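J.: Numbered per mature numbering (1 follows the signal peptide of the UniProt record, and there is no 0), the sequence shown spans residues -18 to -1, 1 to 241.
Each residue gets a CB set at the ideal place from its N, CA and C atoms; glycine is no exception.
Predicted model, so just to flag it, every value in this text is computed and none were measured.
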Amino acid sequence: MNLLLLYLITFCFIGSRCVKVRLTVPKLVREGSSPTLTCHYDTEGKPLYSVKWYRGQYEFFQYVPQAQPPLAAFPLGGINIDMSHSNANQVRLINVPTYISGKISCEVSVDETFKTATDSANLTIKDIRIRKPYLNVSSNKLFPLEELKITCSAEETDPPPLINFYVDNVKIDRSMIKNVGNGKAILNSSVLLPFLDVDCEHISPIWLRCDGYVGGFYHLSSASVPIISQLPRDHSSFTDNINIDYWLFIGIVVKHFAL
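Quick look at the structure:
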């Protein structure tokens, strides 16, 4: 999962050391998931008094090392905390709803002076229904000088998914991909030609697939589809000696050659 790092907010005082805080939250969170929020801090040798967590202006969790128990959660609608995976540096939320999206803050205070530093980040939770992308190819056979219609359809999401295509697990350059809507992209079939292997004794398929990617946590691939190159439709010079038939079933290509 890619993380949005919001860097050090530092409060320094004349004649004293600095308190440094850095809050780390996921860039995008799927509704119903359980994200971990992390608060990194450096008290520069001063004893820690407390670490407090806020959604907006409302506190929902704290760590106070001198308290018993040191960890405490406070009721706040939509925020449920996994106490077994929360500690002095992190909070794990459970089954998050979209409506708790907003400003999250981590406030760190040091003992004796009670000097405080705070860092904040925006937590974004989206309703993203996850399903595998579907790859639609107009034909499993590719003839020279002809094109195939190749479309990948993924779930429409906010933000839209990034769609990529792969031939034999080699990622295709995005310049050959055209986005035609939220969750839909078309591949220029000319990119398949360098991968195809054709001669009179051996014909092997290539395997084409696509995937959809959203925000670093949704990354699903379609099923792979075999593509076989064909001799030109007008190949009379070959047909006197060669007759090629193809059977494609359950992802296995069976080849028969009859002279």
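1. Run through the DSSP bridge pairs and tell me what residue 24 is partnered with.
2. Per DSSP, which residues does residue 43 bridge with? Please list them.
3. From the DSSP output, read off the bridge partner residues of residue 89.
4. Cα separation between residue 41 and residue 66?
5. Quick one: is the Cβ of residue 202 within less than 7 Å of any heavy atom of the ligand MG?
6. Whose C-beta lies closer than 8 Å to the C-beta of residue 63 among residues of the same chain, with five residues either side of it excluded?
7. Out of 145, 190, 25, which has the shortest C-alpha to C-alpha gap to residue 178?
8. Considering just the uninterrupted stretch of the beta strand (DSSP E) at residue 72, what are its terminal residues?
9. Suppose contacts are defined by Cβ-Cβ distances below 8 Å. Is residue 242 in contact with residue 145 by that definition?
10. Quick one: Cα of residue 167 to Cα of residue 186, how far?
T.: Well, looking at it:
1. Residue 24 pairs with 2.
2. Note: residue 43 sits in a beta bridge opposite 35, 55.
3. According to DSSP, residue 89 bridges with 34, 100.
4. In a straight line, the C-alpha of residue 41 is about 19 Å away from that of residue 66.
5. The model on display carries no ligand, and the ligand MG is accordingly not part of it.
6. If the five residues before and after residue 63 are omitted, its C-beta is found closer than 8 Å to the C-beta atoms of 42, 43, 55, 73, 74, 75, 76, all from its own chain and listed in chain order.
7. Of the residues 145, 190, 25, the one whose Cα lies closest to the Cα of residue 178 is 190.
8. The continuous beta strand (DSSP E) containing residue 72 extends over residues 72 to 74.
9. Here the chain covers residues -18 to 241 and nothing more, so residue 242 does not appear.
10. Roughly 26 Å separates the two Cα atoms.
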